[in-house]
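Undergrad: Residue numbering for the sequence shown follows the numbering used here, starting at 42 and increasing by one per position. Ideal Cβ positions, reconstructed from N, Cα and C, are used throughout, including at glycine.
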Amino acid sequence: MLKNREELQQMHGIYGDAIKAEKGRILVCAGTGCMSGGSLQVFERFKELLEERGVPCSVKLEKEPHEASIGLKKSGCHGFCEMGPLVRIEPQGWLYIKVHPEDCEEIIDKTIIRGEHIARLAYSTDGDIAKRQEDINFYKKQTRVVLEHCGHIDATSIEEYFGIGGYSAFEKALFDMTGDEIINEIYDSNLRGRGGGGFHAGKKWRQVASQKEKTRYIVCNGDEGDPGAFMDRSIMEGDPHRMLEGMMIAGIACGAQNGYIYVRAEYPTAVERLRIAIAQAEEYGLLGDNILGTDFSFHMHINRGAGAFVCGEGSALTASIEGKRGMPRVKPPRTVEQGLFAKPTVLNNVETFANVPKIILNGADWFRSIGPENSPGTKAFALTGNIVNTGLIEVPMGTTLREVIFDIGGGMRGGRDFKAVQIGGPSGGCLTTADLDMPLDFDSLKKAGAMIGSGGLVVMNDKTCMVEVARFFMNFTQNESCGKCVPCREGTKRMLEILERIVAGKGRDGDIELLLELADTISATALCGLGKTAPSPVVSTIKNFRSEYEAHIYEKRCPAGNCRKLKRISIDPALCKGCSKCSRGCPVGAISGTLKQPFVIDQEKCIKCEACVGTCPFHAIKED
């Protein structure tokens with residue numbers, strides 16, 4: 042139990058020295074992606090081999106480690122998920138990719154004992170081997186602020202967090218700053234909420250602090266529901282104390298004594314590590330009553346959500362914490378006035394809170410020096426789709442889409458052409474080749490009819506059907522609609538029906554105009570922000586790829602060749618020998634003819650299964 046400021050400072054020194062005293066470190070990625078690839082088995086194999094060879098190994102950071110010990114740690118997500126399981130070797134900074142348990146013996150014998158690099162486990166491009174993590178193109182153009190510790194420390198150790206200066210910002214805020222000074226620093230930094238809307242965080246904190254009601258709450262939105270998004274999950278898994286520290290600073294600033302973390306139950310690793318982090322902070326006296334001998338008290342709680350997308354909306358989230366059905370309510374009053382338990386509430390997402398400690402330590406001017414004036418700082422993105430390098434990245438606001446996709450992402454997989462990127466998930470929009478040089482910031486994207494959202498980037502190549510993309514996101518939104526308001530409940534249902542009809546080859550004249558009319562109505566009249574933005578993927582794909590919609594409707598053709606019901610399988614009479622093999626193999630009897638004469642396909646019966654294409658020995662059957 043830390044009783045005062047001086048004892049906390051001692052922890053920084055003790056554990057900082059302990060990290061430096063370790064001869065080397067093996068950091069095995071224990072993020073969700075790498076764990077699914079077998080990284081925990083890699084960790085156990087390393088532990089087993091180090092013990093067999095008599096190499097001193099410290100799994101837990103000790104105050105006085107043996108100077109010859111090797112630190113074996115489960116780290117958070119390194120970000121380069123495409124190449125997992127990942128292992129980082131320190132102090133060299135070497136990164137080994139796609140490591141399996143059978144590789145561990147070679148790593149111990151060559152790298153740990155003899156200090157040799159293993160080229161076959163390193164990332165290479167066209168034969169050019171990148172030994173150090175920082176030399177890999179995927180990392181070169183990143184600026185890791187929020188993610189700076191993910192992959193570099195034991196995600197389950199508060200001692201390691203102490204060792205890198207953890208809770209120094211909280212200490213400064215608690216002893217050297219007033220609540221108003223903290224809020225002014227956040228306000229002057231122009232930190233905007235990273236959850237999607239980009240609302241000014243300092244303004245929100247100031248509004249809560251100014252309320253007459255003295256019972257206030259700090260709530261962290263960890264309900265990351267966008268398809269393809271995993272930024273918040275990785276922060277909670279890889280550096281949970283940093284997020285807690287940001288919430289605690291918000292508590293000092295706004296006069297709150299309780300913080301609530303709302304996290305998806307589908308994130309069991311994040312939940313576990315948050316629980317560990319909270320228990321550790323309580324054990325050291327950084328959470329609880331009269332923290333570090335002051336009159337400030339703060340308690341942290343975890344609430345697991347059931348996976349409802351709508352609970353990412355503020356009023357639905359607070360209702361869920363209260364034990365009610367997660368449904369939005371009419372505003373005003375807003376969350377800053379009547380949020381959790383009808384009390385003034387600061388509601389920010391994980392990444393927003395994770396930015397706070399660094400701002401308090403380095404100042405608002407430092408934060409504003411990164412990125413554009415109106416959208417300073419960095420942003421974490423989940424880069425997925427038809428791209429060479431997928432994973433978690435962090436770049437300065439204002440970085441162009443071209444830099445993200447082609448420099449960091451390595452370009453399109455399989456050498457195909459770039460077509461579009463869906464940004465912001467179901468609430469976002471579609472960007473095209475014409476937008477490649479657009480800076481990724483709140484205001485630029487808004488002008489283009491898109492939004493950063495939580496930070497999902499789904500990259501698509503020239504074989505992607507944009508009508509099907511719109512149908513996919515509308516299906517997601519319709520399924521996730523809470524049903525409270527008619528525009529969202531019924532409007533998204535009608536839009537989905539039209540899109541399903543179009544991809545089935547039954548589109549009608551006027552469908553595009555009807556989709557746009559419904560989109561306008563939903564956006565103007567839906568109750569919450571999620572409902573208002575639900576039509577965005579449809580509107581943006583119509584705007585940028587209207588010709589694809591028209592081809593589906595009027596030509597009964599999918600330009601990308603993806604919509605199965607619009608495929609046309611035909612037999613070339615010049616090549617067909619009339620062997621009947623295709624007819625005998627057709628599961629619905631759609632092929633008929635006379636032996637030794639060209640056969641034909643009944644397009645009304647054909648289900649586009651393509652079974653006949655593979656069975657024809659003369660390659661006479663083709664897809665048009």
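Measuring CB atoms only, is the segment 572–587 touching the segment 509–517, in the sense that at least three cross pairs come out at less than 8 Å?
TA: Yes, the segment 572–587 is in contact with the segment 509–517.
Undergrad: Find out if the Cβ-Cβ distance for the pair I199, Q321 is shorter than 8 Å.
TA: Here residue 199 corresponds to residue number 158 of the sequence shown, with the count starting at 1. Here residue 321 corresponds to residue number 280 of the sequence shown, with the count starting at 1. Going by C-beta atoms, I199 is nearer than 8 Å to Q321.
Undergrad: Given a threshold of 16 other Cβ atoms within 10 Å of its Cβ, counted over all protein chains shown, does F216 qualify as buried or as exposed?
TA: Counted from its first residue, the sequence shown places residue 216 at position 175. It counts as exposed.
Undergrad: How far does the beta strand (DSSP E) with Y164 in it extend, from its first residue to its last?
TA: Within the sequence shown, numbered from 1, the residue matching residue 164 stands at position 123. Start and end: Y164 to T166.
Undergrad: Using beta-carbon positions only, say whether A492 and S468 come within less than 8 Å of one another.
TA: Counting from one through the sequence shown, the residue named residue 492 turns up at place 451. Counting from one through the sequence shown, the residue named residue 468 turns up at place 427. Reading off the sequence, residue 492 comes out as Met, not Ala. Yes, Cβ-Cβ distance for M492 and S468 is below 8 Å.
Undergrad: Is the CB-CB distance between E265 and S577 below 8 Å?
TA: Locating residue 265 in the sequence shown gives position 224, where the first residue counts as 1. Locating residue 577 in the sequence shown gives position 536, where the first residue counts as 1. No, these two residues do not count as a Cβ contact at 8 Å.
Undergrad: Based on the DSSP output, what are the partners of K663 in its beta bridges?
TA: To locate residue 663, count along the sequence shown from 1; it is residue 622. Paired residues: S611.
Undergrad: Do you know how far the Cα of S624 is from the Cα of G630?
TA: Residue 630 sits at position 589 when you count from the first residue of the sequence shown. Residue 624 sits at position 583 when you count from the first residue of the sequence shown. For G630 and S624, the distance between alpha carbons rounds to 7 Å.
Undergrad: Ordered along the chain, which non-local residues of its own chain (more than five positions away) have a Cβ less than 7 Å from that of A214?
TA: To locate residue 214, count along the sequence shown from 1; it is residue 173. These residues qualify, in order along the chain: I223, I290, I293 and I401.
Undergrad: Under 8 Å, do C98 and K88 count as touching if we go by C-beta distance?
TA: Counted from its first residue, the sequence shown places residue 98 at position 57. Counted from its first residue, the sequence shown places residue 88 at position 47. Taking 8 Å as the Cβ cut-off, C98 and K88 qualify as a contacting pair.
Undergrad: Please report the distance separating the alpha-carbon of T73 from that of A395.
TA: Here residue 73 is taken as the residue at index 32 of the sequence shown, counted from 1. Here residue 395 is taken as the residue at index 354 of the sequence shown, counted from 1. So the two alpha carbons sit approximately 19 Å from each other.
Undergrad: Could you tell me the alpha carbon to alpha carbon distance between V429 and V462, rounded to whole angstroms?
TA: Counting from 1 along the sequence shown, the entry for residue 429 is found at position 388. Counting from 1 along the sequence shown, the entry for residue 462 is found at position 421. If you take the alpha carbons of V429 and V462, they lie about 14 Å apart.
Undergrad: Looking at the structure shown, is N389 part of a helix, part of a strand, or coil, going by DSSP?
TA: Here residue 389 refers to the residue found at position 348 when the sequence shown is read from its first residue. In this structure, N389 counts as strand in the three-state DSSP scheme.
Undergrad: Are R257 and K384 closer than 8 Å when you measure CB to CB?
TA: By 1-based counting over the sequence shown, the position of residue 257 is 216. By 1-based counting over the sequence shown, the position of residue 384 is 343. It is a contact, given that the beta carbons lie within the stated cut-off.
Undergrad: Leaving aside the five residues before and after G206 along the sequence, list all residues of the same chain whose C-beta is less than 7 Å from its C-beta, in chain order.
TA: Here residue 206 refers to the residue found at position 165 of the sequence shown. For G206, where only same-chain residues beyond five positions count, the Cβ hits under 7 Å are H53.
Undergrad: Looking only at DSSP bridge pairs, what is M341 linked to?
TA: Reading the sequence shown from its first residue, position 300 is the one you call residue 341. Paired residues: G300.
Undergrad: With DSSP as the reference, label K114 as helix, strand or coil.
TA: Here residue 114 corresponds to residue number 73 of the sequence shown, with the count starting at 1. K114 falls in the strand class under three-state DSSP.
Undergrad: Just how far apart, CA to CA, sit L424 and G497?
TA: For this step, residue 424 is matched to residue 383 along the sequence shown. For this step, residue 497 is matched to residue 456 along the sequence shown. Going by the C-alpha atoms only, they are around 7 Å apart.
Undergrad: Short of 7 Å in beta carbon distance, which residues of its chain neighbour Y228, apart from the five on each side in sequence? Order them along the chain.
TA: Counted from its first residue, the sequence shown places residue 228 at position 187. So the list reads G243, K244 and R247, once near-sequence residues are dropped.
Undergrad: Among V391, F240, A475 and L481, whose alpha-carbon lies nearest the alpha-carbon of G570?
TA: Taking the sequence shown and counting its residues from 1, one reaches residue 570 at position 529. For the residues V391, F240, A475 and L481, the minimum Cα distance to G570 belongs to F240.
Undergrad: Output yes if chain E places a C-beta closer than 8 Å to the C-beta of S251; else output no.
TA: Among the chains of the structure shown, chain E does not appear; only one protein chain is present.
Undergrad: Taking its Cβ as the centre, do 16 or more other Cβ atoms sit within 10 Å of P132, making it buried, or is it exposed?
TA: Residue mapping note: residue 132 aligns to position 91 of the sequence shown, counting from 1. Exposed, since its Cβ has fewer than 16 Cβ neighbours within 10 Å.
Undergrad: Taking a contact to mean a Cβ-Cβ separation below 8 Å, would you say N389 touches G234 in this structure?
TA: As a working mapping, residue 389 is identified with position 348 in the sequence shown. As a working mapping, residue 234 is identified with position 193 in the sequence shown. Yes.
Undergrad: For S621, which residues from the same chain have a beta carbon less than 8 Å from its beta carbon, with the 5 sequence-adjacent residues on both sides left out?
TA: Here residue 621 corresponds to residue number 580 of the sequence shown, with the count starting at 1. G634, L636 and F640.
Undergrad: With a cut-off of 8 Å on the beta carbons, I'd call E323 and V187 a contact; round off their distance for me.
TA: For this step, residue 323 is matched to residue 282 along the sequence shown. For this step, residue 187 is matched to residue 146 along the sequence shown. Contact doesn't hold; Cβ gap of about 24 Å is too wide.
Undergrad: Where C471 and I464 are concerned, what is the direct C-alpha to C-alpha distance, given to the nearest angstrom?
TA: Here residue 471 is taken as the residue at index 430 of the sequence shown, counted from 1. Here residue 464 is taken as the residue at index 423 of the sequence shown, counted from 1. In a straight line, the C-alpha of C471 is about 6 Å away from that of I464.
Undergrad: Assuming contact is defined by CB atoms lying nearer than 8 Å, are P142 and C70 in contact in what I supplied?
TA: The residue given as residue 142 occupies position 101 in the sequence shown. The residue given as residue 70 occupies position 29 in the sequence shown. It is not a contact, given that the beta carbons lie outside the stated cut-off.
Undergrad: Identify, in the order they occur along the chain, each residue of the same chain with its Cβ nearer than 7 Å to the Cβ of D176, setting aside the five sequence neighbours on each side.
TA: Within the sequence shown, the letter at position 135 stands for residue 176. Around D176: no qualifying Cβ.
Undergrad: Which residues in the same chain have their Cβ closer than 8 Å to the Cβ of T562, if we skip the five residues on either side of it in sequence?
TA: Along the sequence shown, read from residue 1 onward, the residue named residue 562 stands at position 521. The answer, listed in chain order, is P528 and G532.
Undergrad: Can you list the beta strand (DSSP E) stretches of 3 or more residues lying completely in the segment 465–537, in chain order?
TA: 470–473 and 497–502, all fully within the segment 465–537.
Undergrad: Mark R305 as exposed unless 16 or more other C-beta atoms lie within 10 angstroms of its C-beta, in which case mark it buried.
TA: Counting from 1 along the sequence shown, the entry for residue 305 is found at position 264. R305 comes out buried.
Undergrad: If you scan the segment 127–154 from start to end, which runs of the beta strand (DSSP E) of 3 or more residues do you find wholly inside it?
TA: 128–131 and 135–137, all fully within the segment 127–154.
Undergrad: Would you report the Cα separation of C558 and F517, rounded to the nearest angstrom?
TA: Against the sequence shown, residue 558 aligns to sequence position 517. Against the sequence shown, residue 517 aligns to sequence position 476. Looking at the sequence provided, one finds Glu at residue 558 rather than Cys. Taking the straight line joining both Cα atoms gives about 20 Å.
Undergrad: Okay, do the segment 190–204 and the segment 113–122 touch, 3+ Cβ pairs below 8 Å being the bar?
TA: With a cut-off of 8 Å, the segment 113–122 and the segment 190–204 count as touching, because enough Cβ pairs lie within range.
Undergrad: So, under 8 Å CB-CB, L90 and E146 are touching, yes? Tell me the CB distance rounded to an integer number of Å.
TA: The residue you call residue 90 lines up with position 49 of the sequence shown. The residue you call residue 146 lines up with position 105 of the sequence shown. Correct: roughly 6 Å between the Cβ atoms.
Undergrad: For A270, which of helix, strand or coil comes out of DSSP?
TA: For the purposes of this step, residue 270 is taken as the residue at position 229 of the sequence shown. Coil.
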